[in-house]
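Q: So that we are looking at the same thing, I have put the structure below in structure tokens.
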């Protein structure tokens, strides 16, 4: 008897010849297989979790910090592997959402792992970790970008931890893209500048060119141009400086013209910088204007440190420094670097705010050393020593500026002990000081380690 196979596709009036028992069997088998796989994943995840707990217990029982760090690092690797390899398990969900697993707190464990950088208490990585504990936490959902956390991210990037930098920047970037972290319409509140300073200039420009707010757009362009100069790309820096000038003129961004002048000057566009400076000074400072309220934007006073004579620069500085104390060190430092030293020291000595005077002394030490005038730098160091001593090591920012001056003056690492004192002073300060000091400490640390400024 020959076998007969029906090759017709089942349709109306036709039933599949596949036995019902076979279909049921296959479904049962597939279901069993899926359940078995899920059980196997859960078993492996649980097994790794137990291994991690054993490593943590061993770390708790050792006196050797190197061994403790190794054991905790291996435990962290196992726990992160659970999230990566077994994301569908309940355990992975608990870990990734920082839930307690029994009495195990994954969030606290991660902080403990991060704190292991402080096995070397004088390392810059340890300094960053301690500063991060001073910063007010980021509120979720994110409604505004935070310059202090973004500054910290830039520092992590510059100190060799780009992964940590991205973890911090990414949520702020997402908020900006979705139009959440905005103020005044379309401001990105330092996100673009942080991207530029972490070698993401194309993305920074993409965001920047969608912004109409004068201040944010022009500061972003200035920072991207500065990063281009760090990378020896003078052509891009010059092009961005001209773009900033054209935008400022077209949109009437008068308050930012001083910033544009600085950007042109730094990018080597001296002729364009001088022409814009002269025009802006005439518009904002000319015609006999001498009232403080009629003077100029603070950025123009700083630009005068590059391009104006010392009398003009100091006159403009006196008019803006009370409300903008950051201009003092920036303007006087520029005057010294170009050789205009008359009245500079007297002006620095007259600064009333102790933190600002300390910052100014440190900046002037840098400037005089660049001019090979070590005698004046040593004299300024004595003034800064006395200022810090008289204050009794209470002001974290002042102590940090003192550390920067030590880095400039001496070939050893004594500055690290001083900077550690600055962080300790911050940790013991009032809640008001703690709230505001994290960002400035990061900025000084970056300047010490790289010689470059952070976010203005």
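In the numbering used here, the protein residues as written are 13 to 468.
For each residue, glycine too, the CB sits at the ideal point set by N, CA and C.
Since we're looking at a predicted model, the values are computed, not measured.
(1) Does the structure place the region 120 to 129 close enough to the region 155 to 167 that three or more beta carbon pairs sit under 8 Å?
(2) Would you mind sorting residue 368 into buried or exposed? The rule is 16 or more other CB atoms within 10 Å of its CB.
(3) Residue 191: buried (16+ other C-beta within 10 angstroms of its C-beta) or exposed?
(4) Got a sec, what are the start and stop residues for the alpha helix (DSSP H) residue 186 sits in?
(5) Count the other C-beta atoms from every protein chain shown that fall within 10 angstroms of the C-beta of residue 44, then say buried if there are 16 or more, exposed otherwise.
(6) Among 278, 132 and 142, whose alpha-carbon lies nearest the alpha-carbon of residue 436?
(7) Buried or exposed, going by whether 16 or more other CB atoms sit within 10 Å of the CB of residue 222?
(8) Determine the closest residue to residue 146 out of 444, 461, 396 and 100, with distance taken between C-alpha atoms.
(9) Can you tell me where the alpha helix (DSSP H) holding residue 278 begins and where it ends?
(10) Any idea if residue 105 is buried or exposed, counting beta-carbon neighbours within 10 angstroms, 16 or more meaning buried?
(11) Can you name, in chain order, every residue of its own chain whose Cβ lies under 8 Å from the Cβ of residue 197, other than the five neighbours on each side?
(12) For residue 356, which of helix, strand or coil comes out of DSSP?
(13) Would you report the Cα separation of residue 173 and residue 165, rounded to the nearest angstrom?
(14) Rounded to whole angstroms, what is the Cα-Cα separation between residue 325 and residue 428?
(15) Which whole-angstrom value describes the C-beta separation of residue 434 and residue 411, a residue pair presumed to lie in contact below a C-beta threshold of 8 Å?
(16) Taking the alpha helix (DSSP H) that residue 141 belongs to, which residues open and close that run?
(17) Indicate whether residue 317 and residue 343 have their beta-carbon atoms separated by less than 8 Å.
(18) Go through its chain and collect everything with a Cβ distance to residue 176's Cβ below 6 Å, but skip five positions before and after it.
(19) Among the candidates 353, 260 and 103, whose CA atom is the shortest distance from the CA of residue 231?
(20) Can you tell me whether residue 134 is buried or exposed? The criterion is at least 16 other CB atoms within 10 Å of its CB, across all chains shown.
(21) Does the beta-carbon distance from residue 360 to residue 332 come in below 8 Å?
(22) If you draw a straight line from the C-alpha of residue 53 to the C-alpha of residue 116, how long is it?
(23) Enumerate in chain order the residues of its own chain whose CB-to-CB distance from residue 337 is below 7 Å, with the five nearest sequence positions on each side excluded.
(24) Return the residue from the list 421, 348 and 277 that minimises the CA-CA distance to residue 386.
(25) To the nearest angstrom, how far is it from the Cα of residue 95 to the Cα of residue 55?
(26) Are residue 356 and residue 376 closer than 8 Å when you measure CB to CB?
(27) DSSP three-state label for residue 431, please.
(28) Mark residue 408 as exposed unless 16 or more other C-beta atoms lie within 10 angstroms of its C-beta, in which case mark it buried.
(29) Within 10 angstroms of its Cβ, does residue 61 collect 16 or more other Cβ (buried), or is it exposed?
(30) Pick out the complete alpha helix (DSSP H) segments inside the region 338 to 419, 4 residues or longer, and give them in chain order.
(31) Buried or exposed, going by whether 16 or more other CB atoms sit within 10 Å of the CB of residue 242?
(32) Quick test of your reading: residue 276 and residue 253, contact by CB under 8 Å. State the CB separation rounded to the nearest angstrom.
A: Quick look at the numbers:
(1) no
(2) buried
(3) exposed
(4) 174 to 189
(5) Unreliable positioning characterises residue 44 in this predicted model, as indicated by a pLDDT of 48, which lies under 50. A coordinate reading is not provided.
(6) 142
(7) exposed
(8) 444
(9) 269 to 278
(10) exposed
(11) Note that residue 197 scores a pLDDT of 47, beneath 50, so its modelled location is shaky; the value from the coordinates is reported in the next line. If we look at residue 197 and ignore the five residues flanking it on each side, its Cβ neighbours are 224 and 225.
(12) helix
(13) 9 Å
(14) 35 Å
(15) 4 Å
(16) 136 to 146
(17) yes
(18) 168
(19) 260
(20) exposed
(21) no
(22) 21 Å
(23) 365 and 368
(24) 421
(25) 14 Å
(26) yes
(27) helix
(28) buried
(29) buried
(30) 338 to 349, 356 to 361, 366 to 382 and 386 to 403
(31) exposed
(32) 5 Å
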